[in-house]
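Enquirer: Pasting a structure below so you can have a look.
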Amino acid sequence: MVWHRVQPGVRGRVRHADDPGLVLPDGAHLGPVPGPDLLAPVHDHQRSLSIAGAALGGTRRLDRDHQGGGGHGRDPGAGCNPHHPVRAPHPGRVVAARLNGALIAPTYTLQPMPEYDAEYSEDPLYVLRHSTAHVLAAAVTSLYPGTKYAGGPPVENGFYYDFDLPRPLGQEDLPEIERRMAEIVARGDRFEQVLLTHDEAVQRFRELDQPYKLHWVGEKASDDELVSCYRTGDFFDLCRGPHLASAADIPAFKLMRVAGAYWLGNEHNRQLTRIYGTAWFSKEELEDYLRALAEAERRDHKRLGRELRIFALDDRTGLGNVLWLPNGATIRRELERWIVDEEVARGYLHVVTPVVGRLELYRQSGHWERYRDSMYPVMEAENGEELELRPMNCPHHILVYQQEIRSYRDLPMRIAEIGNNYRWEKSGELMGMVRVRSFALNDAHIFCTPEQLHQEIVGAIELARYFMCTLGVTEYRYRLSVRDPDKSKYVGTDEQWANAEGALVGALESLGLEYELGRGEAAFYGPKIDFQVRDVQRREFTNSTVQVDFQMPERFGLEYVAPDGSRQRPVMVHRGAFGSMERMTAYLIELYDGAFPTWLAPVQVAVLPVTDAHLPYAREVAGRLRAARVRVHLDDRPDRVGKKVAEARDQRIPYLVVVGAREVEGQTVSVRHRSGEQRTQTVEEFLARLLEEIAQRRR
RNA sequence: GCCGACGUAGCUCAGCUGGUAGAGCUAUCGCCUUGUAAGCGAUGGGUCGGGGGUUCGAGUCCCCCCGUCGGCUCCA
10 MVWHRVQPGV
20 RGRVRHADDP
30 GLVLPDGAHL
40 GPVPGPDLLA
50 PVHDHQRSLS
60 IAGAALGGTR
70 RLDRDHQGGG
80 GHGRDPGAGC
90 NPHHPVRAPH
100 PGRVVAARLN
110 GALIAPTYTL
120 QPMPEYDAEY
130 SEDPLYVLRH
140 STAHVLAAAV
150 TSLYPGTKYA
160 GGPPVENGFY
170 YDFDLPRPLG
180 QEDLPEIERR
190 MAEIVARGDR
200 FEQVLLTHDE
210 AVQRFRELDQ
220 PYKLHWVGEK
230 ASDDELVSCY
240 RTGDFFDLCR
250 GPHLASAADI
260 PAFKLMRVAG
270 AYWLGNEHNR
280 QLTRIYGTAW
290 FSKEELEDYL
300 RALAEAERRD
310 HKRLGRELRI
320 FALDDRTGLG
330 NVLWLPNGAT
340 IRRELERWIV
350 DEEVARGYLH
360 VVTPVVGRLE
370 LYRQSGHWER
380 YRDSMYPVME
390 AENGEELELR
400 PMNCPHHILV
410 YQQEIRSYRD
420 LPMRIAEIGN
430 NYRWEKSGEL
440 MGMVRVRSFA
450 LNDAHIFCTP
460 EQLHQEIVGA
470 IELARYFMCT
480 LGVTEYRYRL
490 SVRDPDKSKY
500 VGTDEQWANA
510 EGALVGALES
520 LGLEYELGRG
530 EAAFYGPKID
540 FQVRDVQRRE
550 FTNSTVQVDF
560 QMPERFGLEY
570 VAPDGSRQRP
580 VMVHRGAFGS
590 MERMTAYLIE
600 LYDGAFPTWL
610 APVQVAVLPV
620 TDAHLPYARE
630 VAGRLRAARV
640 RVHLDDRPDR
650 VGKKVAEARD
660 QRIPYLVVVG
670 AREVEGQTVS
680 VRHRSGEQRT
690 QTVEEFLARL
700 LEEIAQRRR
């Protein structure tokens with residue numbers, strides 16, 4: 010669950026997926042923290058500041074966008090050219106992974122990751138937020154005696170702190186907590202580091218009756234290491250730091266919301282009350298951030314999806330089942346045509362298989378054993394046959410493979426389908442079109458020889474990159490998702506896993522791609538490369554994926570006939586170059602702010618007659634465009650042109666064609682692009698340019 | 001599933017401490033005949049998410065469900 014950002018030349022950092030950011034001290038890092046205490050505060054709007062309790066060698070400056078940034082680079086990998094879809098792999102550039110601060114050669118062995126990276130904690134914004142989290146805890150513990158505090162790290166846009174409270178806490182309690190925090194800030198309580206021996210620390214937290222802190226002291230520290238703690242007024246916390254010198258150095262903060270969070274991220278543990286907040290180096294930045302949140306809300310795919318009539322959710326379909334409205338279905342149809350054409354051009358064989366299978370099929374694949382809780386309830390027929398809505402396509406594609414004896418000459422065999430899958434996601438996990446219970450996966454399974462594996466992985470990555478590039482998706486990163494140390498969650502031998510991981514790393518490296526490590530993010534049957542994107546609210550999720558699998562071929566006894574006539578076992582690559590249609594569409598809605606490129610726009614041209622008198626000519630123009638397969642809307646309402654323009658703008662229609670007396674006279678059209686650009690031209694000129702733009706899938 | 005917030009017309013929302021629902025947009029119909037960011041009028045539209053309860057009286061208070069949103073967990 011620990012990701013390591015791998016980007017040579019860039020400050021590395023470790024994130025803990027379920028507790029991102031600065032977490033409680035890891036044993037390996039505990040001990041005396043060197044450096045001067047309590048430097049004088051020197052912060053300003055340039056965002057440099059001094060930090061107490063850490064050796065930073067003076068002040069540091071930070072440049073980052075208001076979204077917190079970090080992590081996502083722009084346009085990973087060069088050479089994006091959507092107009093030359095089938096490309097040769099570009100020359101490789103070997104990039105080493107960074108583990109535990111050391112560079113790892115391509116033939117690395119995976120080691121346990123630290124939870125924590127010192128560099129990470131020195132980021133001034135994170136220090137500010139970490140310190141604000143302490144102020145929050147100080148306020149909560151003073152307001153609600155008996156509170157047990159668990160942990161409170163900075164996170165991307167702020168911080169949180171988890172509490173076990175004597176009484177339930179709600180949103181309405183936040184203002185009072187904020188007031189108490191403001192008092193602490195006004196008083197200027199100092200952050201003082203206190204170093205204790207292990208026994209002293211245990212003693213101290215026993216006295217304070219803080220079982221969660223005792224857990225960390227006991228878990229993480231050994232006898233001969235000093236334990237770092239911080240005192241802020243009356244509040245005393247186990248913490249490695251570093252911190253601001255004083256609470257007075259917190260210029261702007263705000264508590265955002267209350268949520269539940271399980272102790273240690275385990276749903277079988279007690280659920281604690283988590284309070285989220287944000288903190289900034291100025292009131293202006295805080296306000297900018299809140300404005301950005303409001304803007305993100307306007308771009309949210311759930312909101313735009315309704316406003317632009319792209320999709321709808323209706324309880325009556327069962328939760329998490331999307332209704333694709335005509336506009337959305339148009340976008341999806343264009344995407345699918347493009348995907349299928351491109352895949353066929355790259356040697357994929359598209360198939361159509363059923364959305365149900367016998368339960369036995371999923372027993373054999375291993376999915377039933379592992380995922381039955383998130384599979385739809387079994388349908389049992391009168392004759393005892395048990396059918397299941399398929400949660401993924403692999404078993405069906407394996408059956409396609411098995412319809413004939415396959416020769417090495419048939420390999421690689423790339424079986425693809427845009428097929429519906431059904432998963433019984435927990436109700437609280439559903440989210441617009443991003444997390445649903447039925448979805449169409451742009452899925453494929455490549456059956457190949459071990460020797461072909463490398464090239465097939467490379468090809469799958471390049472296809473995904475081509476799709477992203479054409480769509481203008483530039484902000485994503487590659488995550489190599491591998492096993493975590495608890496191997497019981499996975500099937501297969503160590504050797505198989507090593508081979509599979511090696512193949513993925515080799516492909517990434519030959520493409521010169523930078524990646525991060527996703528420990529514990531592997532599928533149960535093998536490791537994978539995930540393409541991580543972020544939605545408009547900066548939440549990260551997986552769109553594309555490439556997975557290596559030695560297990561399914563064994564479970565299903567797959568074979569091919571080798572040149573020497575022997576029977577050999579193929580390797581499988583599972584890949585979703587595009588992710589699901591639902592998730593990708595949701596992502597694109599937000600990426601484009603609803604203004605889809607012309608080739609995808611549900612309505613490409615709106616024809617707006619100035620008065621009823623010009624309706625016949627408007628019909629003629631619309632008809633000529635339609636004849637060329639352009640998606641046209643003729644607005645024949647008796648309204649002002651201004652109003653029609655305003656509505657067309659709201660609908661993000663790329664081109665508005667206004668026709669009035671002048672156009673009828675000159676047999677022209679007045680074309681207004683949604684960017685505001687306007688020109689008068691003949692229908693032929695307009696149509697030619699339009700068709701070219703569509704054909705090239707220009708954005 | 002768990003924690004928190006929310007749920008009033010198709011959409012966006014108003015409705016103070018309980019006294020049997022309102023606006024704008026949309027839709028329909030009519031007038032206007034319009035030149036690139038919103039012309040005018042009329043009409044229609046809600047068992048206030050559902051079910052219980054308290055009360056003379058519940059959109060408003062209490063309980064239980066359902067759903068949405070934000071987190072947590074999960075994500076083949």
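Heads up, the first sequence is in my numbering, so the first residue is 10 and it goes up one at a time. Each residue gets a CB set at the ideal place from its N, CA and C atoms; glycine is no exception.
1) Can you look up Q705 in the DSSP assignment and give me helix, strand or coil?
2) Find out if the Cβ-Cβ distance for the pair F168, A142 is shorter than 8 Å.
3) Could you name the residues of the same chain whose beta carbon sits closer than 8 Å to that of S151, not counting the 5 residues immediately before and after it, in chain order?
4) Just how far apart, CA to CA, sit R592 and A615?
5) If you pair each beta-carbon of the segment 594–606 with each one of the segment 404–424, do three or more pairs fall below 8 Å?
6) Leaving out five residues before and five after R325 in sequence, what residues of the same chain have Cβ atoms less than 7 Å from its Cβ?
7) What distance in whole Å lies between the Cβ atoms of T607 and E693, which are believed to be in contact at a cut-off of 8 Å?
8) Comparing alpha-carbon positions, which option in G179, Y371, V164, T339 lies nearest F605?
9) Answer yes if the segment 286–293 comes into contact with the segment 313–321, meaning at least three C-beta pairs across the two stretches below 8 Å, and no otherwise.
10) Under 7 Å Cβ to Cβ from M561, same chain only, skipping five residues before and after it: list those, please.
11) Is the distance from the Cβ of R486 to the Cβ of Q541 below 8 Å?
12) First and last residue of the beta strand (DSSP E) that includes L332?
13) Under 6 Å Cβ to Cβ from A303, same chain only, skipping five residues before and after it: list those, please.
14) Output the residue ranges of the alpha helix (DSSP H) runs that lie fully inside the segment 288–320 and measure 4 residues or longer, sorted by chain position.
15) Using 10 angstroms around the beta-carbon of A704, count the other beta-carbons present and answer buried if the total reaches 16, otherwise exposed.
16) Assess, as a yes-or-no matter, whether the segment 618–638 is touched by the segment 341–351 under the definition of 3 or more beta carbon pairs within less than 8 Å.
17) For Y431 and R698, I'd like the C-alpha separation in whole angstroms.
18) For M388, is the classification buried or exposed, using 16 other Cβ atoms within 10 angstroms of its Cβ as the cut-off for buried?
19) Using 10 angstroms around the beta-carbon of R283, count the other beta-carbons present and answer buried if the total reaches 16, otherwise exposed.
20) For G585 versus R661, is the C-beta distance shorter than 8 Å?
21) With distances taken from CA atoms, which of V409, D382, Y410 is nearest E397?
22) Across the segment 462–475 and the segment 504–523, are there enough close Cβ pairs to call them in contact, namely three or more that are closer than 8 Å?
23) Sort R671, G669, H454, Y158 by Cα distance to Y221 and report the nearest one.
24) Within this structure, are the beta carbons of L617 and V673 separated by less than 8 Å?
25) Short check: CB of L253 to CB of S140, under 8 Å?
26) Taking the alpha carbon of E209 as the point to measure from, which residue in V236, Q202, D218 has its own alpha carbon closest?
27) Let me know the secondary structure DSSP gives F476 once reduced to three states.
28) What runs of the alpha helix (DSSP H), each 4 residues or longer, lie entirely inside the segment 376–461?
29) Could you have a look at G515 and say whether DSSP puts it in helix, strand or coil?
30) Smallest Cα separation from G529: which of V491, G511, S553?
31) What's the call for H277, buried or exposed, on a 16-neighbour Cβ count within 10 Å?
32) Pick from L520, F448, P184: whose alpha carbon is nearest that of V267?
33) I'd like the span of the alpha helix (DSSP H) that includes R188, first residue to last.
34) Kindly indicate which residue of G337, L328, Y153 has the alpha-carbon position closest to the one of L313.
35) With a threshold of 16 other CB atoms inside 10 Å of the CB of N392, please say whether the residue is buried or exposed.
36) In or out: T502 buried (at least 16 other Cβ within 10 Å) or exposed?
Expert: Judging by the given coordinates:
1) coil
2) yes
3) R189, D243, F244, listed in sequence order.
4) 28 Å
5) no
6) none
7) That pair is no contact at about 18 Å.
8) T339
9) Because the criterion of three Cβ pairs below 8 Å is not met, the segment 313–321 and the segment 286–293 do not touch.
10) Take M561, set aside five residues on each side of it, and the residues of its chain with a beta-carbon closer than 7 Å to its own are S374, C403, I407, Y534, M581, in chain order.
11) Here R486 is near Q541, since their CB atoms are less than 8 Å apart.
12) 331–333
13) none
14) 292–308, 310–316
15) exposed
16) no
17) Rounded to the nearest whole angstrom, the C-alpha separation of Y431 and R698 is 42 Å.
18) M388 comes out exposed.
19) buried
20) no
21) For E397, the closest of V409, D382, Y410 by C-alpha to C-alpha distance is D382.
22) Counting C-beta pairs with one atom in each stretch, the segment 462–475 and the segment 504–523 have three or more that are closer than 8 Å, which means they touch.
23) The candidate whose alpha carbon is nearest that of Y221 is Y158.
24) no
25) yes
26) V236
27) helix
28) Qualifying alpha helix (DSSP H) stretches, in chain order: 376–380, 403–410.
29) helix
30) Ranking V491, G511, S553 by Cα distance to G529 puts V491 first.
31) exposed
32) P184
33) 183–196 is the span of the alpha helix (DSSP H), which, as asked, contains R188.
34) G337
35) exposed
36) exposed
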